[in-house]
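Protein chains: 2
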Amino acid sequence: MRIIIFGGAGFLGKKLALQLLKKGELSAGGRESQPISQLVVFDRTLAEGLPDDSRLKIMAGDICDEIAIRALLTQPVDVIFHLAAVVSGEAEKNFELGMNVNLHASMQLLELCRELDQHPVIVFASSCAIFGGELSETIRDDTAPTPQSSYGTQKAIVDLLLNDYSRRGFIDGRALRLPTIVVRPGKPNAATSSFASSIIREPLQGQRTSCPVSGDTKVWLLSPRRVTDNFIHAAELPAKKLGRNRNINLPGITVTVNEMIDSLKEVAGADKAELIDWEPDAFIQSIVLTWPPQFVTERALDLGFQRDGAVREIIESFIKDELA
Amino acid sequence: MRIIIFGGAGFLGKKLALQLLKKGELSAGGRESQPISQLVVFDRTLAEGLPDDSRLKIMAGDICDEIAIRALLTQPVDVIFHLAAVVSGEAEKNFELGMNVNLHASMQLLELCRELDQHPVIVFASSCAIFGGELSETIRDDTAPTPQSSYGTQKAIVDLLLNDYSRRGFIDGRALRLPTIVVRPGKPNAATSSFASSIIREPLQGQRTSCPVSGDTKVWLLSPRRVTDNFIHAAELPAKKLGRNRNINLPGITVTVNEMIDSLKEVAGADKAELIDWEPDAFIQSIVLTWPPQFVTERALDLGFQRDGAVREIIESFIKDELA
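See the structure below:
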C-alpha cells in the first residue's frame, strides 16, 4: 500500500499523515486492508515535525511540475490525498496562480493518473466555497455550485472532472467539500476564513486577535479531527456505495461568531473574549456573507461521514491536540 | 460592431449568421445598438451556402490553434458566439478530442479574451447534457450539474469558468444550456440525440430511418428558430439583468417520441410513421435515459427567453425553413 499526500506539509496534511502512520493499514476503495509500506508527503516545502518512520518519504516540489509528478507515479500508488491548493484569499488576489495550482495542476494530476495501469483512489479536498451567492440559504446535496470566488470555481471544476474520470474508470475519485476547518493551529493565513480559527486560537494562548466580521455572522464548521477521519473514511469507502456521484458535501455544524466566542468563554474563561478586537473588514465580510451557512448533508451522513457535536468540543479537542 | 461565430459552419451557426446579417445591428450586452460591420464565421471547414455579403468573413481553422485565435482577436471584437464543439457521442468515444476541443480550446479562448483591452460579450452554447443521472426528474434553475457524459462535463466546466471570468470582468459571458434541438436539417450526426431529428426529417422527405429508443422516451426540445432567437437575445441582455449567474437553462417543451411521431402524422400524413424502423440501440437508450426530461426554467422565461408552442409548430417551421 503506497500512499501520496499532496499538500502534505500543511497542518491537515501532516495530521492526516500522522493518523495514517498510526493506523498502519488502509482499505483502499473498500478492498482488503493492506499495511502501508510507503507514505509520500509531498509539498512545496519539506514537511516538518513528522516522526522518524521508515515508511515516510518527505519530499519538496511543485505540484505544477509535470516531470516531478510523473516521477512520483512511476511506482504504483494505491491512494492519493490531494490537499494541495492556493487558499481562497490568495487565489482571488492572484488569479493566474490560483488557476495554475488549483485547476491546471489538478487536471494534470488526473491526466497522469489516467495513463497509469493501476488507477488510484484519489481523495480530493474540495470546498464548500463552491456554493454561495444568490441562492437559498440552505444547501442540499443536489444544489448547484455557484461559486463567488475563483478558488470556489477551481474546486467545483475539479469536482466535475473527478466524477467524469471516475465514471470512465480512469481513477477512483472522491471529492470532499470541506466546511471551514476550525480550529487550525499555527498562524493566520491568507484564507478568507482564517479569522474563524484566530478568534479561538489566539485568545487561548493569551494573544490579541481581531475579528473582521460581525458577531451574528454564521459559519459552517468542521474540526481538524473530524476532517482527517473523514479523509480516511473517504479513501476506504467502496466505490459501489458512492455510485456515479463522487462529490460529497461533508457534514458540519452551523454556528454564529458570537456562539463561538461564548464557547471560548465557557471553556477558557470570560476574560479570553476581551482579547478579541472587533475590526470590521469590508472585503472579508463581503466574501464570508456569500458563503451559505446551512447545509443538509443527508448523503454524507448516510455514507458514514462524521461531524462534531458542538463548538465546545472542537475547542477542547484543539487544546488537547495542539496546546497540550 | 464586429462579431465572431465559432463553429459557424454548423447548421445553427449558419442560421445565426443569416439572422444577424438580416437584423443588421446588435445591442451588445444591452448597450446602444450598433450596425454590424463584420461577421466572422469561423469553423474547421469554410461555411457553405451563406450569401455574398461584404460584412461576412468566412474562415477555416482549428479553434484549438492558439495562433489562429489570437490573430482573430487582434481587431476589436464586440460579441463572440461560441458554438464550436465535438458532439456528445464523439466526445464519449474519443475522450482526448472532446477534452481538447470542448474544454481546452474554450479555456484558451477565455484566456485570450481576458488579455484584451475591450472584453467581449461571449454567448456560449452549453447543453442540458450537463444534467442527468441519479437526480430527480425535474431540473430546477438551481439543480447541480451531474453530467453522465464527458461532453456534459466539459460543458459544465466552461459554464463555471464563464461565470468566474464574468464576475472578475475579464469577459461578459452568457452560457445557454440548450435542450435537444429539433428538427436539425441535413444528415444524422454523432450526437446521441441525432435520432430526435431523424425521426421527423427523414420521413418528411420520404426516406426510411430508424428509432433507437422506445416510444415512451421523453425528450426536452427546442426548435432551431427559437434557439437562434435566444442566442441573439442572450447577446443583447444587459449584464445587470443576469447578475452573477451567467448560466441559463433555456426553456423547452417535454414530449415523448410517440408524441413527436403523432405530430408528424398530423402534419404530413399517417403513412410517414411507417418509414420509421424501431431498432433499439442499448448504447443510445442508456445515455438518453440519463437525460432529465423535465425542466422548470423560470429564470430564463423571466429573462425573456422563448420556447416553442408544440411539436406540430416545430415540424411546420422545419418544412417552411428547410424543405420549402
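Residue numbers (the working numbering), protein chains in the order written: chain A, 71 to 394; chain B, 71 to 394. We treat Cβ as the ideally placed atom computed from N, Cα and C, and that holds for glycine.
For residue i: DSSP bridge partner residues
| i | result |
| --- | --- |
| residue 304/A | Bridge partners of residue 304/A: none, in fact. |
| residue 122/B | Partner(s): none; residue 122/B has no beta bridge. |
| residue 290/A | 324/A |
| residue 149/A | 73/A and 191/A |
| residue 129/B | 112/B |
| residue 104/A | 96/A |
| residue 279/B | 346/B |
| residue 218/B | Partner(s): none; residue 218/B has no beta bridge. |
| residue 389/B | Per DSSP, none; premise fails for residue 389/B. |
| residue 364/B | 208/B |
| residue 262/B | DSSP lists no partner for residue 262/B. |
| residue 213/B | 213/A |
For residue i, three-class secondary structure by DSSP
| i | result |
| --- | --- |
| residue 113/B | strand |
| residue 182/A | helix |
| residue 381/B | helix |
| residue 189/A | coil |
| residue 273/B | helix |
| residue 297/B | helix |
| residue 241/B | coil |
| residue 223/A | helix |
| residue 201/A | coil |
| residue 69/A | The question about residue 69/A has no answer, for chain A in this structure spans 71 to 394. |
| residue 375/A | coil |
| residue 196/B | strand |
| residue 248/A | strand |
| residue 315/B | coil |
| residue 254/A | coil |
| residue 284/A | coil |
| residue 164/B | coil |
| residue 229/A | helix |
| residue 79/B | coil |
Proximity of residue i and residue j at Cβ, strictly below 9 angstroms
| i | j | result |
| --- | --- | --- |
| residue 194/A | residue 117/A | no |
| residue 309/B | residue 119/B | no |
| residue 147/B | residue 186/B | yes |
| residue 341/A | residue 282/A | no |
| residue 134/B | residue 171/B | yes |
| residue 262/A | residue 346/A | no |
| residue 107/B | residue 158/B | no |
| residue 77/A | residue 167/A | no |
| residue 112/B | residue 270/B | no |
| residue 288/B | residue 188/B | no |
| residue 361/B | residue 250/B | yes |
| residue 370/B | residue 212/A | no |
| residue 243/B | residue 316/B | yes |
| residue 314/A | residue 203/B | yes |
| residue 208/B | residue 366/B | yes |
| residue 142/B | residue 110/B | yes |
| residue 382/A | residue 320/A | no |
| residue 274/B | residue 343/B | no |
| residue 260/B | residue 160/B | yes |
| residue 279/A | residue 268/A | yes |
| residue 392/B | residue 190/B | no |
| residue 151/A | residue 305/A | yes |
Residues from the stretch 229–243 of chain A in contact with chain B, defined by Cβ distance under 8 angstroms
230, 231, 233, 234, 237 and 238
Segment contact, 8 angstroms Cβ cut-off, at least three pairs: the stretch 174–188 of chain A with the stretch 220–240 of chain A:
yes
Residues of the stretch 287–319 of chain A with Cβ closer than 7 angstroms to any Cβ of chain B, in chain order:
313, 314 and 315
Does the contact criterion of 3 or more C-beta pairs under 8 angstroms hold for the stretch 134–147 of chain A versus the stretch 81–91 of chain A?
no
Taking 8 angstroms as the cut-off, does the stretch 328–346 of chain A touch the stretch 99–108 of chain B (at least 3 CB pairs, one atom from each stretch)?
no
Looking at C-beta atoms only, is the number of pairs between the stretch 220–229 of chain A and the stretch 125–133 of chain A that lie closer than 8 angstroms three or more?
no
Spell out a yes or no on whether the stretch 370–389 of chain A and the stretch 285–302 of chain A are touching, meaning 3 or more CB-CB pairs, one atom from each, closer than 8 angstroms.
yes
Counting only Cβ-Cβ distances shorter than 9 angstroms, please list the residues of the stretch 212–224 of chain B near chain A, keeping chain order.
212, 213, 214, 215, 216, 217, 218, 219, 220, 222, 223 and 224
Beta carbons nearer than 8 angstroms to chain B: which residues of the stretch 163–177 of chain A have them?
165
Positions along the stretch 356–386 of chain A whose CB lies within less than 7 angstroms of some CB in chain B:
none
Which residues, taken in chain order from the stretch 241–269 of chain B, show a beta carbon closer than 9 angstroms to some beta carbon of chain A?
none
Members of the stretch 331–347 of chain B that neighbour chain A once the beta carbon cut-off is set at 8 angstroms
none
Closer than 9 angstroms, Cβ to any Cβ of chain A: which residues of the stretch 126–159 of chain B, in chain order?
none
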